[in-house]
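Here is the structure we will look at.
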Amino acid sequence: MTVTARKRHTKRARSVEARAERRDDILDAAERLFAEQRFAELHMARLAKEIGLAKGTLYLYFPTKESLFLAVVQRSLDAWFVAIAERLSRHAFIDPDALARELTDALVERPHLTRLLSLLHTVLEPNITEDDAVAFKAFLARKMGRTGIELERLIATLEPGQGARLMLHVLALLVGIGQASDPSIVVKRALERPDLQHLRIDLPTELCIALSALFRGFSASLQAQ
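To convert, note that position 32 of the sequence shown is 15 in my numbering; the numbers rise steadily by one, no gaps.
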């Protein structure tokens, strides 16, 4: 490679690295703002100002708010799956209650993930391109497949492929309980009434109970087949 070619290659590499860093900065800022306000109230102009970008430049990275937050969801899910893998690697065997606690504890470390997931099927996925949808679902398939293999190692009743299917149920349960545990401000005020307080949902408690029941029921249904 000539000196000129090496310089061009180095310049391109730095450009790719700089673009990746800027993309991460955008995702970080989006997650910070999402912690402060709901999705409908969050505007791309505010986000661009937060990170010192022109609004047009922001759209070069993410053409829509939905595509941006799909990337935020994917990054947050990726961190959750990594944490789950690290936790499960400590076990040679695991019972349903302990497995539920591990997955719940990994989620509690990422308090915004459940709110993000509540947007996934109703707000984000209906407003993204087919290419984005394929890429995101392929990501989920890889992550659930790897986690599923680890579950099959720990749960003797699971056959190959059933671990990934179990994780699909876990994700669906997480989305549902996450939505129910994060009501609107009006509903939160209503649930302060003494006669309605029993309808409030504490996410870690209820998710752990539901996951434990899911794991027991899933294994039992497989044994019955």
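Note that the Cβ used here is the ideal one computed from N, Cα and C, for glycine as well. Fair warning: this is a prediction, and the values are worked out from it, not measured in the lab.
Alpha carbon to alpha carbon, how far is residue i from residue j?
i	j	result
histidine -8	lysine 32	Because histidine -8 carries a pLDDT of 45, less than 50, the predicted location of this residue cannot be relied on, and no value is offered for it.
leucine 10	alanine 54	7 angstroms
aspartate 114	glycine 35	29 angstroms
leucine 82	phenylalanine 198	8 angstroms
isoleucine 138	serine 72	13 angstroms
arginine 125	isoleucine 184	31 angstroms
glutamate 69	tryptophan 63	10 angstroms
arginine 176	glutamate 24	27 angstroms
aspartate 7	aspartate 61	14 angstroms
alanine 196	aspartate 80	8 angstroms
lysine 38	aspartate 178	48 angstroms
leucine 141	alanine 75	15 angstroms
phenylalanine 45	threonine 112	12 angstroms
isoleucine 192	phenylalanine 119	29 angstroms
alanine 3	glutamine 20	26 angstroms
leucine 123	valine -1	25 angstroms
Would you mind giving the Cβ-Cβ distance between residue i and residue j, rounded to the nearest angstrom? I have them listed as a contact below 8 angstroms.
i	j	result
serine 59	arginine 93	6 angstroms
leucine 149	phenylalanine 201	6 angstroms
leucine 186	serine 164	4 angstroms
Short check: CB of residue i to CB of residue j, under 8 angstroms?
i	j	result
leucine 190	leucine 96	no
leucine 51	alanine 13	yes
methionine 127	alanine 155	no
valine 153	leucine 194	yes
glutamine 145	glutamate 133	no
arginine 5	leucine 16	no
serine 101	glutamine 180	no
leucine 103	valine 65	no
methionine 27	leucine 43	no
isoleucine 77	threonine 130	no
glutamate 108	alanine 121	no
valine 158	phenylalanine 22	no
threonine 47	asparagine 110	yes
On the criterion of 16 or more Cβ atoms from any shown chain inside 10 Å, does residue i qualify as buried, or is it exposed?
i	result
threonine 160	Position check: residue 160 holds isoleucine in this sequence, whereas threonine was assumed. Burial call: buried.
alanine 173	exposed
glutamate 49	buried
isoleucine 168	exposed
threonine 87	buried
leucine 182	exposed
lysine -6	Any reading at lysine -6 needs caution, since the residue's pLDDT is 47, under 50, leaving its predicted position unreliable; the model's value is listed next. Lysine -6 should be labelled exposed.
Q. In the stretch 142 to 203, which residue ranges form an unbroken alpha helix (DSSP H) of at least 4 residues, counting only runs that do not cross its ends?
A. 145 to 163, 168 to 173, all fully within the stretch 142 to 203.
**Q.** Segments of 4+ residues assigned as alpha helix (DSSP H) that fall wholly inside the stretch 37 to 113
**A.** Entirely contained in the stretch 37 to 113, the alpha helix (DSSP H) runs reaching 4 residues are, in chain order, 38 to 44, 48 to 71, 79 to 91, 96 to 102.
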